[in-house]
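K.L.:
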Amino acid sequence: MELLAFGKTGWGDELFIATLMTIAVSITAMIIGFVFALVFTPLKLSKNKFFNFIANSYTTIIRGVPELLVIYLFFFGGTGALMYVASIFGYNDYIEINAFITGAFAIGIISGAYSTEVFRGAVQSIDKGQFEAAKVIGLSKFTQFFKIILPQVLRLAIPNLSNVWQITLKDTSLISVTGLVEIMRQSYIAAGSTRDPLFFYSFAAVLYLLLTFLSMKLINKLEVKYSRGY
Amino acid sequence: MDIELMINSFPKLLSAAAITLKLLSVSLIVGLIIGLLFAILRLNKNTFVNKFSYGYSYVFRGTPLLVQIFIIYFGLGQIEYLRSTFLWVVLKEPYWCAIIAFALNTGAYTSEILRSAFQTIKPGILEAGKSLGISNKIIFYKIQIPIAIRQSLPAYGNEIILMMKGTSLASTVTLMDLTGVAKYIISTTFKPIEVFIVAGSIYLFMTFCIHNVIKFFEKKYSF
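Protein chains in written order, with this note's numbering: chain G, 75 to 304; chain F, 26 to 248.
Next up, the structure:
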């Protein structure tokens with residue numbers, strides 16, 4: 075227990091901050107994933123073959139290649155790509171991207187591929203009559219989407235999105251290889267300096283279990299909220 | 026684009042893919058046995074037994090695979106007692122540690138897949154078996170298991186692909202699997218995109234093959 079004390083003597087406060095970091099990366103990645111899903115779901119559902127091809131390649135490649143490999147691509151390739159783009163605009167100094175952004179982006183792209191599939195399934199299972207009725211009443215495209223389609227999509231998608239959230243949360247442990255101090259990295263540091271890996275990695279496992287448990291509770295509440303009226 | 030590097034790294038990556046496949050197949054076989062065992066325990070009426078099985082699958086599905094590997098590889102070596110037993114011969118090898126972690130992880134997911142497959146078998150089928158006077162053992166092996174296999178094939182196919190991606194974590198405990206070698210080439214040449222394309226294509230090809238094999242079995246066992 076001494077090992078977990080807060081302050082200079084223990085690792086309690088460091089691990090607490092690391093847990094907050096894990097939560098922050100997961101949420102950021104999930105949001106980036108939603109943005110990707112928002113772009114790729116319409117492409118996937120569109121009648122245009124070319125758009126279909128782009129969206130399908132995205133989801134197939136990301137879901138078929140290990141997360142770790144994608145993270146390495148971003149970790150080693152991100153800086154180079156950004157400097158290349160910057161050099162086009164005439165900026166030639168060395169740019170270092172922060173580990174948080176690289177990590178959140180890599181995980182976000184992965185979670186986006188899963189979210190795209192979830193949203194595609196949800197949109198497809200909405201009754202065609204709903205679209206037609208909304209059109210017939212004369213609602214604008216904007217209102218159609220936000221007031222008729224989106225609430226129904228969310229209700230159908232929440233159970234599967236909770237799976238995506240769990241995957242995203244667990245994937246953030248892989249960012250530790252890039253040096254971002256989240257739960258896994260902090261446990262690695264603590265295990266190295268105290269020579270007590272069993273304790274710290276088991277504690278990390280407990281922290282992750284706690285996070286998945288609490289988020290499940292929260293998501294269940296959301297699920298109840300969005301299925302009002304059914 | 027450095028085409029030459031891509032061509033040169035291809036054979037190295039391909040031989041590393043063999044290690045990935047080896048890790049995958051061994052852990053899948055062990056994981057299937059573990060999964061079947063825990064699925065049966067889960068359906069047991071004894072509350073303690075099925076809570077134990079539920080706890081196992083909850084813990085392994087709720088924590089990242091990376092934590093599990095690190096606990097087994099770095100953590101267990103710390104216990105003095107283990108070092109003196111024959112288990113140490115296994116636990117000091119990163120290869121076996123990775124396989125133990127993968128097998129326990131995929132075992133947890135497999136047990137859930139099989140459990141739900143067993144639960145969806147209609148009671149009428151079992152009753153029909155019973156009324157024909159077939160023994161419980163034969164009902165289990167000849168009726169329940171084949172139906173459960175059929176039911177669980179699509180989900181199990183996904184699990185195989187997830188596990189294949191999971192084996193990339195073996196590179197974190199010094200094993201040179203496909204991802205490990207890819208990382209090594211990237212960090213020596215600083216050409217991440219080229220290496221990613223080659224390694225990624227090999228992974229995609231394996232995913233493609235697994236997907237088609239599963240599809241073939243799904244067709245074969247369909248009714």
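Here a beta-carbon is modelled for each residue, glycine too, at the ideal position from N, C-alpha and C.
From F:Thr199 to G:Thr246, what does the alpha carbon distance come to, in whole angstroms?
P.N.:
Your numbering for residue 199 of chain F matches position 174 in the second sequence. Your numbering for residue 246 of chain G matches position 172 in the first sequence. Distance between the alpha carbons of F:Thr199 and G:Thr246: 20 Å.
K.L.:
From this set, G:Thr217, G:Val280, G:Gly186, which residue's C-alpha is nearest G:Trp239's C-alpha?
P.N.:
As a first step, residue 239 of chain G must be located in the first sequence, where it is residue number 165. That would be G:Gly186, whose Cα lies nearest to the Cα of G:Trp239.
K.L.:
Could you work out which residues of chain F lie near G:Thr286, taking near to mean beta carbons separated by less than 7 Å?
P.N.:
Numbered from its first residue, the first sequence carries residue 286 of chain G at position 212. The answer, in chain order, is Gly87.
K.L.:
Just to confirm my understanding: we take G:Ala103, look at its own chain, exclude 5 residues before and 5 after, and list those with CB closer than 6 Å. What are they?
P.N.:
Position 29 of the first sequence, counted from the first residue, corresponds to residue 103 of chain G. Cβ within range, chain order: Ala178, Ile181, Gly182, Ser185, Thr242.
K.L.:
Measuring only between beta-carbons, confirm whether F:Lys208 sits less than 7 Å from chain G.
P.N.:
Here residue 208 of chain F refers to the residue found at position 183 when the second sequence is read from its first residue. At least one chain G Cβ lies under 7 Å of F:Lys208.
K.L.:
Assuming F:Arg211 contacts G:Tyr146 (C-beta within less than 8 Å), just tell me the rounded distance between them.
P.N.:
On the second sequence, position 186 is the one that residue 211 of chain F refers to. On the first sequence, position 72 is the one that residue 146 of chain G refers to. Checking the displayed sequence, the identity of residue 211 of chain F turns out to be Ile instead of Arg. Their Cβ separation, rounded to whole angstroms, is 6 Å, which keeps F:Ile211 and G:Tyr146 in contact under 8 Å.
K.L.:
How about G:Leu248 and G:Leu142: are their beta carbons less than 7 Å apart?
P.N.:
For the purposes of this step, residue 248 of chain G is taken as residue 174 along the first sequence, with counting starting at 1. For the purposes of this step, residue 142 of chain G is taken as residue 68 along the first sequence, with counting starting at 1. Going by C-beta atoms, G:Leu248 is nearer than 7 Å to G:Leu142.
K.L.:
For F:Gly80, which residues in chain G fall below 8 Å Cβ to Cβ?
P.N.:
Walking along the second sequence from the start, residue 80 of chain F turns up at place 55. In chain order: nothing, as chain G lies at least about 11 Å away.
K.L.:
Where do the ends of the alpha helix (DSSP H) carrying F:Thr199 lie?
P.N.:
Within the second sequence, numbered from 1, the residue matching residue 199 of chain F stands at position 174. Here F:Thr199 belongs to no alpha helix (DSSP H), and DSSP marks it neither H nor E.
K.L.:
If you drop the 5 nearest sequence neighbours on each side, which residues of the same chain put their C-beta closer than 7 Å to that of G:Ile169?
P.N.:
Counting from one through the first sequence, the residue named residue 169 of chain G turns up at place 95. Cβ neighbours of G:Ile169 beyond the five flanking positions: Thr153, Leu156, Met157, Ala160.
K.L.:
Among F:Tyr181, F:Phe221, F:Ser156, which one has its Cα closest to the Cα of G:Phe149?
P.N.:
Position 75 of the first sequence, counting from 1, holds the residue named residue 149 of chain G. Checking every option, the nearest Cα to that of G:Phe149 belongs to F:Phe221.
K.L.:
Start and end of the alpha helix (DSSP H) containing F:Asn183?
P.N.:
Working through the second sequence from its first residue, we reach residue 183 of chain F at position 158. Segment 170-191, the alpha helix (DSSP H) holding F:Asn183.
K.L.:
Ordered along the chain, which non-local residues of its own chain (more than five positions away) have a Cβ less than 7 Å from that of G:Ile128?
P.N.:
Position 54 of the first sequence, counted from the start, is the residue given in the question as residue 128 of chain G. Here the set comprises Leu117.
K.L.:
Mind checking if G:Gly56 is an interface residue toward chain F, Cβ cutoff 7 Å exclusive?
P.N.:
Past the edges of chain G, shown from 75 to 304, lies residue 56 of chain G, and the structure says nothing about it.
K.L.:
Under 7 Å, do G:Ala279 and G:Ser261 count as touching if we go by C-beta distance?
P.N.:
Here residue 279 of chain G corresponds to residue number 205 of the first sequence, with the count starting at 1. Here residue 261 of chain G corresponds to residue number 187 of the first sequence, with the count starting at 1. Taking 7 Å as the Cβ cut-off, G:Ala279 and G:Ser261 do not qualify as a contacting pair.
K.L.:
Out of curiosity, what's the CA-to-CA distance linking G:Thr134 and G:Ala79?
P.N.:
Here residue 134 of chain G is taken as the residue at index 60 of the first sequence, counted from 1. Here residue 79 of chain G is taken as the residue at index 5 of the first sequence, counted from 1. Rounded to whole angstroms, G:Thr134 to G:Ala79 spans 46 Å at the Cα level.
K.L.:
Below 7 Å between beta carbons is the criterion; list the residues of the segment 117-143 of chain G that meet it against any residue of chain F, in chain order.
P.N.:
Taking 7 Å as the Cβ-Cβ cut-off against chain F, the residues of the segment 117-143 of chain G that qualify are Ile135, Gly138, Val139, Pro140, Glu141, Leu142, Leu143.
K.L.:
For F:Cys234, count neighbouring C-beta atoms within 10 Å of its own C-beta (all shown protein chains included) and say buried if the count is 16 or more, exposed if not.
P.N.:
For the purposes of this step, residue 234 of chain F is taken as the residue at position 209 of the second sequence. Exposed is the call here.
K.L.:
So, under 8 Å CB-CB, F:Gly191 and F:Leu90 are touching, yes? Tell me the CB distance rounded to an integer number of Å.
P.N.:
The residue labelled residue 191 of chain F in the question sits at position 166 within the second sequence. The residue labelled residue 90 of chain F in the question sits at position 65 within the second sequence. The pair is a contact, with the Cβ atoms about 5 Å apart (cut-off 8 Å).
K.L.:
Can you give the beta carbon distance from F:Leu187 to F:Thr45, rounded, assuming they're within the 8 Å contact cut?
P.N.:
Your numbering for residue 187 of chain F matches position 162 in the second sequence. Your numbering for residue 45 of chain F matches position 20 in the second sequence. No, F:Leu187 and F:Thr45 are not in contact; Cβ-Cβ is about 14 Å, not under 8 Å.
K.L.:
Compare the C-alpha of F:Ile185 against each of F:Arg140, F:Asn130, F:Leu107 and name the closest.
P.N.:
Your numbering for residue 185 of chain F matches position 160 in the second sequence. Checking every option, the nearest Cα to that of F:Ile185 belongs to F:Asn130.
K.L.:
From this set, F:Glu137, F:Tyr134, F:Ile168, F:Gly132, which residue's C-alpha is nearest F:Gly149's C-alpha?
P.N.:
Counting from 1 along the second sequence, the entry for residue 149 of chain F is found at position 124. Per the Cα distances, F:Ile168.
K.L.:
Since I believe F:Ala195 is in contact with F:Ala133 (beta carbons under 8 Å), could you give me their beta-carbon distance rounded to a whole number of angstroms?
P.N.:
Taking the second sequence and counting its residues from 1, one reaches residue 133 of chain F at position 108. Taking the second sequence and counting its residues from 1, one reaches residue 195 of chain F at position 170. With 8 Å as the limit, F:Ala133 and F:Ala195 do not qualify as a contact, their Cβ atoms being about 18 Å apart.
K.L.:
So with CB distances below 7 Å, who are the chain G contacts of F:Lys190?
P.N.:
Mapped onto the second sequence, residue 190 of chain F falls at position 165. Per Cβ cutoff of 7 Å: Pro140, Glu141.
K.L.:
Is the beta carbon of G:Gly107 closer than 7 Å to that of G:Ser189?
P.N.:
On the first sequence, residue 189 of chain G is found 115 positions in, with the first residue counted as 1. On the first sequence, residue 107 of chain G is found 33 positions in, with the first residue counted as 1. Yes, these two residues count as a Cβ contact at 7 Å.
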